[in-house]
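Enquirer: Handing you this structure, nothing more for now.
Residue numbers (this note's numbering), protein chains in the order written: chain E, 64 to 195; chain S, 1083 to 1207.
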């Protein structure tokens, strides 16, 4: 049993590393594993995922920046805005509590998934055009 | 062509404002900021692969800050996470190398189906 659990742990880790490095939200994958399969509390799962993602992001960043895929002039101002948001978000998570947080997390996954699935092709092409 | 420029600046402003929401989601849900950052970056003018790569540059400092707050609040310890790190590192290398090879539309659809399914399961947990 312990061995099987270990295999799942590795699978979840590798899968979320892959998806995370692609910039499509690997965090979701590890939290899904931790809460659905490993029985970890929602807040702790979120904390584990945040810590987990730091080394993954460093590795991915090195590879992506070598390929010159990173648009730093867009990233820098967004980092500043993001840090403000983090402080508010982490504080709100404390107030909300794990059960409600789990529901919000599920709803967020479904919302993002549906949006991705039904994104119109026309929109994507116009984005590509305007970026030239 | 000044009209185009004005629109682009507005889109960038929108992305900068949106980044606060990216951080909020990251702090609140411990994940998912990237999913929001990618469309924002695309709106601000990045191509899809650039947007995916740049989202990581954006999320990394946010994750560090967020994780620090979770540690301070005692919601998680370093030893809780350490077991997952080797697997994550392997995955990160594979994923980063795959990004420049895989087809964009495939990436979206497979992942979309996966998270919808997970979201439904988590809701009814």
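We put the beta carbon where it would ideally sit given N, CA and C, even for glycine.
(1) For residue 1137/S, which residues in the same chain have their Cβ closer than 7 Å to its Cβ, ignoring the five residues on either side in sequence?
(2) Looking only at its chain, what residues have a beta carbon closer than 6 Å to the beta carbon of residue 106/E, apart from the 5 residues adjacent to it on each side?
(3) Is the distance from the Cβ of residue 93/E to the Cβ of residue 115/E below 7 Å?
(4) Using beta carbons (cut-off 7 Å, strictly below), is residue 162/E in contact with chain S?
(5) From the beta carbon of residue 67/E, is the nearest beta carbon of chain S less than 7 Å away?
(6) In the segment 1104 to 1126 of chain S, which residues sit with their C-beta less than 9 Å from some C-beta in chain E, listed in chain order?
(7) Within 7 Å (strictly less), CB to CB, does residue 172/E reach chain S?
(8) Does the segment 1125 to 1135 of chain S come close enough to the segment 169 to 185 of chain E that 3 or more CB-CB pairs lie under 8 Å?
(9) Along the chain, where does the alpha helix (DSSP H) that runs through residue 105/E open and close?
(10) Tell me the rounded alpha-carbon separation between residue 1126/S and residue 1135/S.
(11) By a C-beta neighbour count over all protein chains shown, 10 Å radius and 16 as the cutoff for buried, is residue 1156/S buried or exposed?
(12) Under three-state DSSP, which class holds residue 133/E?
(13) Who are the Cβ neighbours of residue 1163/S in its own chain at under 7 Å, not counting the five residues just before and after it?
(14) If you pair each beta-carbon of the segment 140 to 153 of chain E with each one of the segment 1188 to 1199 of chain S, do three or more pairs fall below 8 Å?
(15) For the alpha helix (DSSP H) containing residue 163/E, list its first residue and its last residue.
(16) Starting from residue 1116/S and walking both ways along the alpha helix (DSSP H), at which residues does that stretch end?
(17) Compile a chain-ordered list of the residues in the segment 99 to 113 of chain E whose CB is closer than 9 Å to at least one CB of chain S.
(18) Would a check of beta-carbon distances place residue 1136/S closer than 7 Å to chain E?
(19) For a quick check, are the C-beta atoms of residue 149/E and residue 1144/S less than 7 Å apart?
(20) Buried or exposed for residue 1092/S, going by 16 or more other Cβ atoms inside 10 Å?
(21) When we look at the beta-carbon of residue 1083/S and count the other beta-carbons within 10 Å, is it buried (16 or more) or exposed?
(22) Thinking just about the alpha-carbon of each residue, which of 83/E, 122/E, 101/E is nearest to the one in residue 70/E?
(23) Would you say residue 70/E faces chain S, with C-beta separation under 7 Å as the test?
(24) Quick check: is the beta carbon of residue 180/E nearer than 7 Å to any beta carbon in chain S?
(25) Please return the same chain residues whose Cβ sits closer than 6 Å to the Cβ of residue 157/E, not counting the five positions on each side in sequence.
(26) In the DSSP assignment, find the alpha helix (DSSP H) that holds residue 1132/S and state where it starts and stops.
(27) Hey, could you find the ends of the alpha helix (DSSP H) residue 1172/S is sitting in?
Expert: Taking the definition as stated:
(1) As a working mapping, residue 1137/S is identified with position 55 in the second chain. Cβ neighbours of residue 1137/S beyond the five flanking positions: 1116, 1119, 1120, 1123.
(2) Position 43 of the first chain, counted from the first residue, corresponds to residue 106/E. Closer than 6 Å at Cβ, skipping near neighbours: 161.
(3) Sequence index remark: in the first chain, residue 93/E carries index 30 (1-based). Sequence index remark: in the first chain, residue 115/E carries index 52 (1-based). Taking 7 Å as the Cβ cut-off, residue 93/E and residue 115/E qualify as a contacting pair.
(4) As a first step, residue 162/E must be located in the first chain, where it is residue number 99. It does not; no Cβ of chain S falls within 7 Å.
(5) As a working mapping, residue 67/E is identified with position 4 in the first chain. It does not: the Cβ of residue 67/E has no partner Cβ on chain S nearer than 7 Å.
(6) 1104, 1105, 1106, 1107, 1108, 1109, 1110, 1111, 1112, 1113, 1114, 1115, 1116, 1117, 1118, 1119, 1120, 1121, 1122, 1123, 1124, 1125, 1126
(7) Here residue 172/E is taken as the residue at index 109 of the first chain, counted from 1. Closer than 7 Å to some Cβ of chain S, the Cβ of residue 172/E qualifies, so yes.
(8) no
(9) In the first chain, counting from the first residue as 1, residue 105/E sits at position 42. 105 to 129 is the span of the alpha helix (DSSP H), which, as asked, contains residue 105/E.
(10) The count along the second chain starts at 1 and reaches residue 1126/S at position 44. The count along the second chain starts at 1 and reaches residue 1135/S at position 53. Whole-angstrom Cα-Cα distance: 14 Å.
(11) Counted from its first residue, the second chain places residue 1156/S at position 74. Exposed: under 16 other Cβ atoms inside 10 Å.
(12) If you number the first chain from 1, residue 133/E lands on position 70. DSSP places residue 133/E in coil when its eight states are reduced to three.
(13) The residue you call residue 1163/S lines up with position 81 of the second chain. Around residue 1163/S: no qualifying Cβ.
(14) no
(15) Here residue 163/E refers to the residue found at position 100 when the first chain is read from its first residue. Run containing residue 163/E: 161 to 180, per the alpha helix (DSSP H) assignment.
(16) In the second chain, counting from the first residue as 1, residue 1116/S sits at position 34. Segment 1115 to 1125, the alpha helix (DSSP H) holding residue 1116/S.
(17) 99, 103, 104, 105, 106, 107, 108, 109, 110, 111, 112, 113
(18) As a position in the second chain, residue 1136/S is number 54, starting the count at 1. Yes, contact with chain E.
(19) Taking the first chain and counting its residues from 1, the one referred to as residue 149/E is at position 86. Taking the second chain and counting its residues from 1, the one referred to as residue 1144/S is at position 62. Result yes, Cβ atoms of residue 149/E and residue 1144/S sit closer than 7 Å.
(20) Taking the second chain and counting its residues from 1, one reaches residue 1092/S at position 10. Exposed is the call here.
(21) For the purposes of this step, residue 1083/S is identified with residue 1 of the second chain, where counting begins at 1. Bear in mind that the predicted position of residue 1083/S carries a pLDDT of just 40, short of 50, making it too unreliable to give a figure here.
(22) As a position in the first chain, residue 70/E is number 7, starting the count at 1. The option with the nearest alpha carbon to residue 70/E is 101/E.
(23) Taking the first residue of the first chain as 1, we reach residue 70/E at position 7. It does not: the Cβ of residue 70/E has no partner Cβ on chain S nearer than 7 Å.
(24) Counting from 1 along the first chain, the entry for residue 180/E is found at position 117. Residue 180/E counts as touching chain S.
(25) Mapped onto the first chain, residue 157/E falls at position 94. Excluding positions up to five away in sequence, the list is empty.
(26) In the second chain, counting from the first residue as 1, residue 1132/S sits at position 50. Start and end: 1130 to 1154.
(27) In the second chain, the residue the question calls residue 1172/S occupies position 90. Residue 1172/S -> alpha helix (DSSP H) spans 1167 to 1181.
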